[in-house]
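Heads up, the thing below is written out as structure tokens.
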Amino acid sequence: MSTYRQEGEDITVHLPDQLPVLTPDVARILLAILVELAESKGRRPSGEGERRDC
């Protein structure tokens with residue numbers, strides 16, 4: 001368990017004792033989610049969300 005505190009707010013995160021089993025079906029689902037997230041980042045209007053390393 002981990003607790004994060006900021007300006008009077010408590011956020012508690014309950015983590016499992018060990019990693020869940022990664023079956024081939026679960027791996028495919030997670031990969032599909034990652035691909036969808038990667039594609040959605042490319043759909044932002046220009047200028048939004050760009051990193052500038054100055």
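For the sequence shown, counting from 1, position 46 maps to 46 in UniProt numbering; every step adds exactly one. All C-beta atoms, glycine included, are put in the ideal place defined by N, C-alpha and C. Every value quoted in this text rests on a predicted model; they were computed, and no experiment measured them.
Item                                                                                                : Value
Let me know the secondary structure DSSP gives GLU9 once reduced to three states.                   : strand
Cα separation between LEU31 and HIS14?                                                              : 24 angstroms
What's the gap between the Cα of ILE33 and the Cα of GLU9?                                          : 30 angstroms
Looking at the structure shown, is LEU30 part of a helix, part of a strand, or coil, going by DSSP? : helix
At the level of alpha carbons, what is the spacing between PRO24 and GLU39?                         : 22 angstroms
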